[in-house]
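A.B. asks: Have a look at this one before I ask anything.
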Amino acid sequence: MKKLSSLILALIWLLIAVILVCFALTKINLKNNSFFSFGRNNQESGMNIGFNSNKNCKTFNFSIDQINKIQIDFSSEEIEVVSSARNDILIEYNGNWTDDIIPFTELNNSVLTITKKERNAFRGSLINPRSVRIDIPNKMDAYDLNLKISSGSVHIEDLVLNTANLKLSSGSLFVENLKLDNIDASSNSGRLGINNITANKGDFQASSGSIKVEDSKISEISTNTSSGSVNLDGSFEGITANTTSGSIRATSVSPLIYDSSLNSTSGSIHLSIPESTSYKLDYSTTSGSFHGGKNKNKGSSNSASIDLTLNTTSGSIFLD
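Here the numbering used here is used: position 249 in the sequence shown is 261, and no number is missing along the way.
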C-alpha cells in the first residue's frame with residue numbers, strides 16, 4: 013500500500029513538471045516571436061506577408077488578379093472562409109503558428125494554394141489552438157474553391173463561386189449564403205449544415221453524421237449518409253436521398269421535374285411536394301405503413317410525369 017501511494021505521488025509530481033515545462037515553452041515561443049515583426053513584398057506573386065506578434069497573428073495578402081482557383085489542404089484547424097469588402101485576399105493565421113508549421117502559401121498559374129506542412133503539425137495545438145480565416149473580396153466571382161481538411165471545423169459563407177469541392181475526413185462543415193454552379197461536400201465523420209445556397213447541382217455525403225439543407229434553391233440535390241438523418245428544406249427540382257440508418261425528411265416548394273428517389277434502410281421517409289408535381293409512384297416498406305396524404309391519388313399514366321421512388325426497410329412512408 014505504501015509503495016502504491018509513493019507511485020501515485022510520483023506520477024502527480026511528474027504531471028506537474030510536464031505542465032510547467034509546456035507553460036515555459038509557450039512563453040519562450042511568444043517571446044521569440046517578438047523578433048519577427050516585419051513586412052515583405054513579393055512583386056512576382058502579388059503577395060504581402062505580415063507578422064503581428066502583439067496579437068499572435070500572421071497575415072498574407074494576395075491580389076485577386078488572375079486567380080481562378082483556391083486550393084486549401086490543412087490537417088487539424090478551425091477554418092473560416094468569408095466574403096469581405098477588401099480589394100485583396102487576406103489569409104489570417106491566429107494562434108501558435110510557428111515558422112516550421114505555418115502552411116505553404118503560393119500563387120502559381122492562377123491557382124492560390126494553401127498547403128499544410130507535415131513536420132511538427134501537432135506542436136502547440138493543445139496549448140494554444142490554431143485557426144485560419146480567409147477573407148475573399150465580394151467582387152471576386154467565377155472561381156473554384158477546393159478544400160481538404162483532415163480534422164477540424166469549417167465555416168464558409170457569403171461567396172459567389174463557380175464550383176466548390178469540400179472534403180473533411182473528420183469534422184463539421186457549415187456553408188451558408190453561397191451562389192455557385194456545383195457544390196460537392198463530404199465528411200467521413202461529422203455533420204453537414206447547408207443554409208441558403210443557390211446551385212444547379214449539390215452533392216452531399218456523410219459517412220457518419222447528419223445532413224441538413226435549409227432555405228436553399230438547388231436544381232438537383234443528392235445526399236448520402238451511412239449513419240445519420242437527412243433533412244432537406246427548400247426549392248428542388250430533383251431529389252436523391254439515401255441513408256443506411258436514419259430518417260429522411262424532404263420538403264420542396266417547387267414541383268419535381270426530374271426523377272427522384274428516397275431510400276432508407278432503417279428509418280422513416282417524409283416527402284412533401286407541391287400538388288402540381290406529376291409522377292409515377294413506386295414505394296415499398298417491409299416494416300411500416302404508407303400514408304399518401306393529399307397526393308395519394310396522383311396519376312401513373314402521364315407520359316410527361318417523373319418516376320418517384322420511396323423505399324424503406326424498417327419505417328413508415330409519408331407523402332403529402
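A virtual CB, placed ideally from N, CA and C, is assigned to each residue, including glycine. Here the structure is a predicted model, which means the values were calculated and not measured.
Hey, could you find the ends of the beta strand (DSSP E) Cys281 is sitting in?
C.D. replies: For the purposes of this step, residue 281 is identified with residue 269 of the sequence shown, where counting begins at 1. Checking the displayed sequence, the identity of residue 281 turns out to be Ile instead of Cys. Following the DSSP letters along the chain, one finds Ile281 inside the beta strand (DSSP E) bounded by residues 281-284.
A.B. asks: Rounding to the nearest angstrom, what Cα-Cα distance links Asn247 and Tyr105 in this structure?
C.D. replies: Within the sequence shown, residue 247 is the residue found at index 235, counting from 1. Within the sequence shown, residue 105 is the residue found at index 93, counting from 1. One detail in the question is off: residue 247 reads as Ser in this sequence, not Asn. Rounded to the nearest angstrom, the two C-alpha atoms are 37 Å apart.
A.B. asks: Is the CB-CB distance between Lys292 and Leu320 below 8 Å?
C.D. replies: Taking the first residue of the sequence shown as 1, we reach residue 292 at position 280. Taking the first residue of the sequence shown as 1, we reach residue 320 at position 308. Their beta carbons are under 8 Å apart, which means Lys292 touches Leu320 by this criterion.
A.B. asks: As a quick exercise: from Val94, Phe74, Ser278, pick the residue whose alpha carbon is nearest that of His167.
C.D. replies: As a first step, residue 167 must be located in the sequence shown, where it is residue number 155. Per the Cα distances, Val94.
A.B. asks: Which class does Leu173 belong to by DSSP, given the choice of helix, strand or coil?
C.D. replies: Here the question's residue 173 lines up with position 161 in the sequence shown. DSSP places Leu173 in the coil class of the three-state scheme, outside both helix and strand.
A.B. asks: Would DSSP call Ala29 helix, strand or coil?
C.D. replies: By one-based count along the sequence shown, residue 29 stands at place 17. If DSSP states are grouped into helix, strand and coil, Ala29 belongs with the helices.
A.B. asks: Can you find the residues in the same chain that come closer than 6 Å, C-beta to C-beta, to Asn323, ignoring five residues on each side of it along the sequence?
C.D. replies: Here residue 323 is taken as the residue at index 311 of the sequence shown, counted from 1. Sequence-distant partners of Asn323 (beyond 5 residues in either direction) whose C-beta falls short of 6 Å from its own C-beta, in its chain, are Asn275, Ser296.
A.B. asks: In whole angstroms, what separates the C-alpha of Gly258 from that of His282?
C.D. replies: The residue labelled residue 258 in the question sits at position 246 within the sequence shown. The residue labelled residue 282 in the question sits at position 270 within the sequence shown. Distance between the alpha carbons of Gly258 and His282: 12 Å.
A.B. asks: Between the alpha carbons of Phe74 and Trp109, how many angstroms are there, rounded?
C.D. replies: Stepping through the sequence shown from its first residue, residue 74 is reached at position 62. Stepping through the sequence shown from its first residue, residue 109 is reached at position 97. Phe74 and Trp109: Cα-Cα distance of roughly 20 Å.
A.B. asks: For Leu334, name the three-state secondary structure that DSSP assigns.
C.D. replies: Shown here, the chain extends from 13 to 332; a query on residue 334 therefore has no answer.
A.B. asks: Would DSSP call Ser88 helix, strand or coil?
C.D. replies: As a first step, residue 88 is located in the sequence shown; it is residue number 76 there, counting from the start. In the structure shown, Ser88 sits in coil (DSSP, three-state: anything other than H, G, I, E or B).
A.B. asks: Whole angstroms is fine: what's the gap from Ile206's alpha carbon to Asp227's?
C.D. replies: Residue numbering aside, residue 206 sits at position 194 when the sequence shown is read from its first letter. Residue numbering aside, residue 227 sits at position 215 when the sequence shown is read from its first letter. Each residue's alpha carbon lies about 9 Å from the other.
A.B. asks: At 3 residues or longer, and completely inside the stretch 247-300: list those beta strand (DSSP E) runs for me, N to C.
C.D. replies: 260-264, 272-278, 281-284, 291-299
A.B. asks: Would you call Thr298 buried or exposed, if buried means 16 or more other Cβ atoms sit within 10 Å of its Cβ?
C.D. replies: Mapped onto the sequence shown, residue 298 falls at position 286. Under this definition Thr298 is an exposed residue.
A.B. asks: Please list, in chain order, all residues of the same chain as Ile114 whose beta carbon is under 8 Å from its beta carbon, the five residues on each side excluded.
C.D. replies: Locating residue 114 in the sequence shown gives position 102, where the first residue counts as 1. Excluding sequence neighbours, Ile114 sits near Lys70, Tyr105, Lys129.
A.B. asks: Identify the residues that DSSP records as bridge partners of Thr324: which are they?
C.D. replies: Position 312 of the sequence shown holds residue 324. Answer is Ser276, Thr297.
A.B. asks: In angstroms, rounded to a whole number, what distance separates the CA positions of Asn189 and Asn243?
C.D. replies: Translated into positions along the sequence shown, residue 189 becomes position 177. Translated into positions along the sequence shown, residue 243 becomes position 231. Whole-angstrom Cα-Cα distance: 18 Å.
A.B. asks: Would you report the Cα separation of Leu180 and Ser163, rounded to the nearest angstrom?
C.D. replies: Locating residue 180 in the sequence shown gives position 168, counting from the first residue. Locating residue 163 in the sequence shown gives position 151, counting from the first residue. Each residue's Cα considered, the two are about 7 Å apart.
A.B. asks: Could you name the residues that DSSP lists as bridge partners for Asp153?
C.D. replies: Stepping through the sequence shown from its first residue, residue 153 is reached at position 141. In the DSSP output, where bridge partners are listed per residue, Asp153 has none listed.
A.B. asks: Give the straight-line distance between the Cα atoms of Asp271 and Asn212, rounded to the nearest whole angstrom.
C.D. replies: As a position in the sequence shown, residue 271 is number 259, starting the count at 1. As a position in the sequence shown, residue 212 is number 200, starting the count at 1. Approximately 15 Å, taken between the alpha carbons.
A.B. asks: Using 8 Å for Cβ pairs, my map puts Ile126 next to Ile84. What's the rounded Cβ distance?
C.D. replies: On the sequence shown, position 114 is the one that residue 126 refers to. On the sequence shown, position 72 is the one that residue 84 refers to. About 5 Å separates the CB atoms of Ile126 and Ile84; that is less than 8 Å, so the two are in contact.
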